[in-house]
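Some notes on the structure that comes next.
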Amino acid sequence: MEQLWSHIISSYSPFQIEFIGTLLVQILSFWIPSICYISLDYLFPCFSQHHKLQSAPKQPTRKDIEQCLKVVLQNQLLTSALHLSLLLQQGTPGYRITLTLPPLAELTRDITLSLLLREALFYYSHRLLHSRYLYSRIHKQHHRFTAPIALAAQYAHPLEQVFANALPISLPPQLLGSHIVTFWLFLGYELLNTATVHSGYDFLGGKARMHDAHHEKFNLNYGSIGLLDWAHGTDRLRKRD
Ligand SMILES: [Zn+2]
Ligand SMILES: [Zn+2]
Numbered sequence: 001m002e003q004l005w006s007h008i009i010s011s012y013s014p015f016q017i018e019f020i021g022t023l024l025v026q027i028l029s030f031w032i033p034s035i036c037y038i039s040l041d042y043l044f045p046c047f048s049q050h051h052k053l054q055s056a057p058k059q060p061t062r063k064d065i066e067q068c069l070k071v072v073l074q075n076q077l078l079t080s081a082l083h084l085s086l087l088l089q090q091g092t093p094g095y096r097i098t099l100t101l102p103p104l105a106e107l108t109r110d111i112t113l114s115l116l117l118r119e120a121l122f123y124y125s126h127r128l129l130h131s132r133y134l135y136s137r138i139h140k141q142h143h144r145f146t147a148p149i150a151l152a153a154q155y156a157h158p159l160e161q162v163f164a165n166a167l168p169i170s171l172p173p174q175l176l177g178s179h180i181v182t183f184w185l186f187l188g189y190e191l192l193n194t195a196t197v198h199s200g201y202d203f204l205g206g207k208a209r210m211h212d213a214h215h216e217k218f219n220l221n222y223g224s225i226g227l228l229d230w231a232h233g234t235d236r237l238r239k240r241d
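Structure follows, in structure tokens:
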């Protein structure tokens, strides 16, 4: 591992490492798993139906999926273009890139703190997006999929993509001065997690159930790890009076 890392460091500039490495993590932990999840519907329909959390009539059509793919590709281009322009403007990488890999204790500390910071940033920005004003103008688009599919994780208005999806993940490791490898591991985990919780499948002990319920019923489960939903009592449906 150390050898591979020192080879990368000596072969590429910090700028190339940050931009291309981050793009590769996005492909490996979001695009490929999302396409695998969606392919299950076509390759193994019986298996797929058996494991879907919501019934077949509620599932999106092929046309919906194509539309989703188009928007998610646009959003990927948007975040990559923003990343590139920030790198060009700053002239220095956003994350620490050194010859040595981060020690395990630092890696564990930074990932734990990043998970908590991301929970706060995502929970409160998501609740804000559910305000009457922002819901109809911005967040309604993400809720088009009442029975979500993995790719729909990034089916969102461009402002939501930047402020509620990209920043809550990219900002915490930057604020903590984390090593780029720590950022990649955190990003990889978060993207695989968001693809899984939008997949609509009951895999991994029903990990998707919480966010699937958010898409189905709207006013519960705003967060990612469930901590702030528990603290604010939004982990269950509020009674409508
Ligand atoms: Zn929502
Ligand atoms: Zn969602």
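Numbering (UniProt numbering), first residue to last: 1 to 241.
Every residue, glycine too, gets a C-beta built ideally from N, C-alpha and C.
Short check: CB of residue i to CB of residue j, under 9 Å?
i, j, result
"Phe145", "Leu87", "no"
"Leu192", "Phe30", "yes"
"Thr22", "Phe122", "no"
"Leu228", "Ala56", "no"
"Ser6", "Leu104", "no"
"His126", "His215", "no"
"Gln26", "Gln76", "yes"
"Leu40", "Ser48", "yes"
"Gly206", "Leu53", "yes"
"Leu107", "Leu204", "no"
Cutting at 8 Å between CB atoms, please list the residues of its own chain near residue i, excluding the five before and the five after it.
i, result
"Asp241", "Bear in mind that the predicted position of Asp241 carries a pLDDT of just 38, short of 50, making it too unreliable to give a figure here."
"Ser131", "none"
"Lys140", "none"
"Met1", "Leu101"
"Ala166", "Thr79 and Leu82"
"Ile17", "Ile8, Ile9, Pro93, Ile97 and Ile180"
"Ile38", "Ile65, Ile149, Ala150 and Leu151"
"Asn219", "His130, Thr234, Leu237 and Arg238"
Once the 5 residues before and after residue i are set aside, which same chain residues still bring their CB inside 6 Å of it?
i, result
"Glu190", "Ile169"
"residue 255", "Coverage of the chain is limited to positions 1 through 241, which leaves residue 255 absent and any answer about it impossible."
"Met210", "Asn221"
"Gln174", "Gly94"
Take residue i and list the residues in its own chain whose beta-carbon comes closer than 7 Å to its own, dropping the five residues that flank it on each side.
i, result
"Phe19", "His83, Leu84 and Leu87"
"Glu160", "Leu129, Ile138, His139 and His142"
Can you round the beta-carbon distance between residue i and residue j to whole angstroms, since I take them to be within the 8 Å contact cut?
i, j, result
"Ala164", "Leu129", "6 Å"
"Thr196", "Ala208", "6 Å"
"Pro172", "Arg118", "6 Å"
When every heavy atom of ligand 3 is checked, does at least one fall within less than 8 Å of the C-beta of residue i?
i, result
"His198", "Absence of ligand 3 is noted for the structure shown, with ligand 1 and ligand 2 being the only ligands found."
| Within the chosen definition, does the stretch 93-111 reach the stretch 166-181 through at least 3 CB pairs nearer than 8 Å? | yes
| query | Mind pulling the alpha helix (DSSP H) runs of 4 or more residues that sit fully within the stretch 12-56? | reply | 14-26, 32-43 and 45-51
| message | Taking 8 Å as the cut-off, does the stretch 195-210 touch the stretch 106-122 (at least 3 CB pairs, one atom from each stretch)? | response | no
| At least three beta-carbon pairs within less than 8 Å, the stretch 146-162 to the stretch 67-76 | yes
| task | Ignoring anything shorter than 3 residues or poking outside the stretch 116-175, list the beta strand (DSSP E) runs there in chain order. | result | none
| field | Residue ranges of each alpha helix (DSSP H) within the stretch 192-235, 4 or longer | value | 203-206, 209-217 and 227-232
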